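>
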Amino acid sequence: MTDQQLIDLAIEMKSRAYVPYSNFHVGAALLCEDGTVSLGCNVENSAYGVCICGEQTAVVKAVSEGKRSFKAIAVAGDSDGYCLPCGACRQVLSEFVGPDFPVICANNAGAFHRFTLGELLAHSFRLER
Ligand code: THU
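Written out as structure tokens, the structure reads:
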């Protein structure tokens with residue numbers, strides 16, 4: 003699976019986003035270790051605080067299907083700049099992957115950039131006593 007293929011899936015998933023409040027579509031494609039891809043989109047709610055991000059949809063779908071090892075995630079949104087995961091999504095990803103994990107972010111024009119989770123979430127929380 004190439005970065006371009008994963009980004010194409012994320013862009014496709016934007017069409018599934020349920021976004022009556024923000025009208026900001028986010029699609030995510032999470033490549034699992036076994037070669038399958040878990041797809042996600044954002045799902046909003048009239049109680050704004052329980053809106054669910056596209057990346058989190060993809061992670062929760064995968065984990066609930068028994069998958070916990072991931073190779074990369076692609077994210078696409080309605081932004082002119084690269085659509086980067088929010089802080090909460092970075093934290094959710096960090097539960098399952100390490101700092102070298104590739105986070106591939108697309109912009110509206112279809113261009114994309116490969117970040118690492120370590121770049122996006124430095125010095126992250128660890129449950130250590
Ligand atoms: N959103 C995501 O899906 N992923 C992020 O990383 C940040 C924001 C969604 C939440 C909401 O539905 C919309 O984008 C606007 O914030």
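Okay, so the sequence shown: first residue is 3 according to this note's numbering, each after it adds one. Where a beta carbon is used, it is the ideal one built from N, C-alpha and C, also for glycine. These numbers come from a predicted model, not from an experiment.
#1: Quick check on the burial criterion: 16 or more other C-beta atoms within 10 angstroms. Buried or exposed for residue 103?
#2: At what residue ranges does the segment 9-74 contain a whole run of the beta strand (DSSP E), taking only runs of 3 or more?
#3: Quick check: is any heavy atom of ligand 1 less than 6 Å from the C-beta of residue 109?
#4: When the Cα of residue 132 is compared with those of 6, 54, 81 and 35, which residue comes out closest?
#5: Do residue 105 and residue 117 have their CB atoms nearer than 7 Å?
#6: Please name the residue in 119, 14 and 71 whose C-alpha comes closest to that of residue 90.
#7: Tell me whether residue 104 counts as near ligand 1, meaning its Cβ is closer than 6 Å to at least one heavy atom of that ligand.
#8: Can you give me the C-alpha to C-alpha distance between residue 45 and residue 21, rounded to a whole angstrom?
#9: Could you give the DSSP three-state label for residue 78: helix, strand or coil?
#10: Beta carbon of residue 79, beta carbon of residue 39: below 7 Å?
#11: If we call anything under 7 Å between Cβ atoms a contact, is residue 43 one with residue 51?
Let me lay it out:
#1: Within the sequence shown, numbered from 1, the residue matching residue 103 stands at position 101. Buried, since its Cβ has 16 or more Cβ neighbours within 10 Å.
#2: 28-34 and 39-43
#3: Residue mapping note: residue 109 aligns to position 107 of the sequence shown, counting from 1. The answer is no for residue 109.
#4: Outside the modelled stretch of the chain, which goes from 3 to 131, sits residue 132, for which no answer is possible.
#5: The residue given as residue 105 occupies position 103 in the sequence shown. The residue given as residue 117 occupies position 115 in the sequence shown. Against a cut-off of 7 Å, the Cβ pair of residue 117 and residue 105 comes out as a contact.
#6: Working through the sequence shown from its first residue, we reach residue 90 at position 88. Measuring from the Cα of residue 90, the nearest candidate turns out to be 119.
#7: Walking along the sequence shown from the start, residue 104 turns up at place 102. Checking the Cβ of residue 104 against ligand 1 gives no.
#8: On the sequence shown, residue 45 is found 43 positions in, with the first residue counted as 1. On the sequence shown, residue 21 is found 19 positions in, with the first residue counted as 1. When rounded, the distance between both Cα atoms is 6 Å.
#9: Stepping through the sequence shown from its first residue, residue 78 is reached at position 76. In this structure, residue 78 counts as strand in the three-state DSSP scheme.
#10: Numbered from 1 along the sequence shown, position 77 holds the residue referred to as residue 79. Numbered from 1 along the sequence shown, position 37 holds the residue referred to as residue 39. No. Outside cutoff.
#11: Taking the sequence shown and counting its residues from 1, one reaches residue 43 at position 41. Taking the sequence shown and counting its residues from 1, one reaches residue 51 at position 49. In this structure, residue 51 does not lie closer than 7 Å to residue 43 by Cβ.
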